[in-house]
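Residues 23 to 176, numbered by the working numbering, are exactly what the sequence shown covers, in order.
Idealized CB from N, CA, C, for every residue including glycine.
None of the values given here were measured: they were computed from a predicted structure.
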Amino acid sequence: MRRLARDPDKRASDGRPRRETCLGLQCSLLPVLALLIAVMRVANYRFYSPEDIDGSGLTNPTPQVQVLRALLQNTLEQAVLAVAAYLARAAAMPLGWLRAIPVAAGLFIAGRVLFARGYRKGAAGRAMGFGLTMYSTAALLATLIAVLCYRALA
């Protein structure tokens, strides 16, 4: 039971953020990087496409921009969940349980690459990438919720 307890003071004695918080923030850079790459892919394609240069609000997007926007939208949704999970877990979980955060961040990147590569192959082509991204984040959140419920009831 003691292993699930956590010191409520989230700052080190010198006033800097604790290393747990830093770990959550540092690992959050990977989903943010994936999001940045997705934004840049849409912008880069539009810049060189006369049909898409004016943006989707003013023109009908080409099929390539539609695919890139779908990848961007899904990456945005997954990144928001992942960053929230990494930061919440870093703030609330025991130190020994934080190893899962960098693992999940690595799986996030691997999942995004597989998702993008398989997107045009349909649901079966996207499944592995989606699963790596979503289920690693869901596992972090599920264990966090279980531990918080346990603490509340103990």
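Could you give the C-beta distance for residue i and residue j, rounded to a whole number, given that I count them as a contact under 8 Å?
i      : j      : result
Leu109 : Gly151 : About 23 Å; that fails the 8 Å criterion.
Ala127 : Leu52  : 4 Å
So, for residue i: in the same chain, excluding its five sequence neighbours on each side, which residues have a beta-carbon less than 8 Å away from its beta-carbon?
i      : result
Leu166 : Ala107, Ala110, Arg111, Ala114, Met115
Thr155 : Gln100, Ala104, Leu129, Phe130, Gly133, Arg134, Phe137
Arg24  : A caution first: Arg24 carries a pLDDT of 47, below 50, which makes its placement in the model unreliable, though a value can still be read off. Here the set comprises nothing.
Thr81  : Glu73, Asp74
Arg68  : Asp74, Ile75, Gly77, Val87
Ser71  : Thr84, Gln86, Val87
Does the beta-carbon distance from residue i to residue j come in below 9 Å?
i      : j      : result
Ala56  : Ala101 : yes
Ser194 : Val89  : One cannot answer for residue 194 here, as it falls past the ends of the chain, which runs 23 to 176.
Tyr141 : Ala92  : yes
Drop a sphere of 10 angstroms on the beta-carbon of residue i, count the other beta-carbons inside from all chains shown, and report buried for 16 or more, exposed for fewer.
i      : result
Ala122 : buried
Arg139 : exposed
Glu42  : buried
Asn66  : exposed
Asn96  : buried
Pro83  : buried
Between residue i and the rest of its own chain, which residues show a CB-CB distance below 7 Å, the 5 nearest in sequence each way excluded?
i      : result
Leu94  : Ala60, Val61, Val64
Cys44  : none
Leu170 : Ala114
Sorted by chain position, which residues of the same chain lie with C-beta nearer than 6 Å to residue i's C-beta, five sequence neighbours on each side aside?
i      : result
Leu163 : Ala107
Ala176 : none
Cys49  : Tyr108, Ile123, Pro124, Ala127
Ser158 : Ala126, Leu129
Give a yes or no on whether the minimum CB-CB distance between residue i and chain C is below 9 Å.
i      : result
Leu162 : Among the protein chains of the structure shown there is no chain C, as only one such chain exists.
Checklist entry - Where are the alpha helix (DSSP H) runs, 4 residues long or more, that stay fully inside the stretch 112 to 143, in chain order? => result Taking 4 residues as the minimum length, the alpha helix (DSSP H) runs contained wholly in the stretch 112 to 143 are 122 to 140, in order along the chain.
Checklist entry - Counting only runs that start and end within the stretch 51 to 120, where is the beta strand (DSSP E) found for 3 or more residues in a row? => result The stretch 51 to 120 contains no whole beta strand (DSSP E) run of 3 or more residues.
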